[in-house]
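The sequence shown begins at 11 in my numbering and counts up one residue at a time. Note that beta-carbon positions come from the ideal geometry of N, C-alpha and C, so glycine has one too. Scroll down for the structure; my scribbles are underneath it.
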Amino acid sequence: MLLARQHAILDLAKQIGRVTVDDLASRFDVTPQTIRKDLNELCEQRLLARVHGGAILASGVENVGYDARRQIASREKAAIAKAAAEMIPNDASLFINIGTTTEAVAQALLQHTGLMVITNNINVANIMRSYPKIEVVIAGGVVRRSDGGIVGEAAVDFIRQFKVDFAIVGTSAIDEDGSLLDYDFREVKVAQAIMANARHVILVTDSTKFDRTAPVRIGTVDQVDTFVTDVCPSERVRRLLAEADVRLVEALRDEGAVADRAAGDATGVGAG
11 MLLARQHAIL DLAKQIGRVT VDDLASRFDV TPQTIRKDLN ELCEQRLLAR
61 VHGGAILASG VENVGYDARR QIASREKAAI AKAAAEMIPN DASLFINIGT
111 TTEAVAQALL QHTGLMVITN NINVANIMRS YPKIEVVIAG GVVRRSDGGI
161 VGEAAVDFIR QFKVDFAIVG TSAIDEDGSL LDYDFREVKV AQAIMANARH
211 VILVTDSTKF DRTAPVRIGT VDQVDTFVTD VCPSERVRRL LAEADVRLVE
261 ALRDEGAVAD RAAGDATGVG AG
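Printed below as a string of structure tokens:
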């Protein structure tokens with residue numbers, strides 16, 4: 011049986027996707043130790059999954075709600091988006107698929123010129139459509155009410171008409187064996203077509219996806235060319251990337267290294 015406070019914690023996680031120990035301790039006026047015990051008990055019942063500093067909703071068959079996903083790891087997604095956008099030259103063609111991280115990349119690309127963007131994400135189309143130097147092409151198919159994603163066989167057939175320079179793809183979970191996972195098999199079919207019809211595949215996803223699971227396989231990390239994340243917490247995945255010659259970009263770790271070098275230059279103290 012769950013305590014009333016634990017029920018409230020679970021409801022909050024369903025609303026916003028991620029809860030932290032410090033915020034919960036303040037909200038319920040209890041000690042952090044009490045909250046950690048609550049989270050551990052919720053995790054033991056597989057209702058939540060622990061992450062650094064808190065927990066996220068642990069659903070193996072259903073994704074967190076769209077509004078909640080937008081709030082999870084927002085700082086990390088912004089850093090990932092900036093790093094990914096810097097890899098895309100002007101006058102390039104690219105796919106952008108469904109996901110809040112891919113939407114952040116779309117936002118980061120708005121100063122580019124001459125882009126042709128093919129997407130099955132209504133939110134991406136809305137972000138980019140008013141920019142005259144970016145051409146937006148949107149797939150047809152079934153529109154998911156939950157997040158504006160366009161899925162189904164019609165979208166797959168549409169994607170297969172193109173061969174583009176880059177694909178910006180996201181995933182809902184990353185397994186320790188390097189599998190890229192999602193919840194909707196219809197979305198997976200579109201993502202697979204996108205990866206198969208791009209010359210360079212850029213996977214963008216934050217480190218919380220290593221703490222989650224999902225039932226449908228998109229593919230594996232060795233099928234992408236570049237993986238952009240905030241920090242890669244899995245040494246096994248890191249090895250798989252190296253073995254497959256996949257470039258790993260850790261946006262926040264790299265950002266921190268740049269800041270450290272800048273601080274060293276300012277004080278006259280070098281890193282070597």
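Residue i, buried or exposed, once every other Cβ within 10 Å from all chains shown has been counted against 16
i: residue 23; result: buried
i: residue 87; result: buried
i: residue 17; result: exposed
i: residue 219; result: buried
i: residue 63; result: exposed
i: residue 34; result: buried
i: residue 36; result: exposed
i: residue 195; result: exposed
i: residue 216; result: buried
i: residue 240; result: buried
i: residue 157; result: buried
i: residue 192; result: buried
Bridge-paired residues (DSSP) for residue i
i: residue 67; result: 58
i: residue 160; result: 153
i: residue 230; result: 189
i: residue 237; result: 213, 258
i: residue 144; result: 125
i: residue 284; result: Outside the shown range of the chain, which is 11 to 282, sits residue 284, and nothing can be said about it.
i: residue 28; result: 66
Proximity of residue i and residue j at Cβ, strictly below 9 Å
i: residue 201; j: residue 184; result: no
i: residue 103; j: residue 125; result: yes
i: residue 149; j: residue 133; result: no
i: residue 257; j: residue 237; result: yes
i: residue 15; j: residue 48; result: yes
i: residue 284; j: residue 128; result: Residue 284 cannot be examined here, being either before or after the span of the chain that is shown, 11 to 282.
i: residue 259; j: residue 118; result: no
Nearest-angstrom Cβ-Cβ length linking residue i and residue j, presumed shorter than 8 Å
i: residue 233; j: residue 205; result: 6 Å
i: residue 110; j: residue 214; result: That pair is no contact at about 10 Å.
i: residue 212; j: residue 235; result: 7 Å
i: residue 166; j: residue 143; result: Not quite, the Cβ-Cβ distance comes to about 29 Å (not below 8 Å), so this is no contact.
i: residue 173; j: residue 207; result: 5 Å
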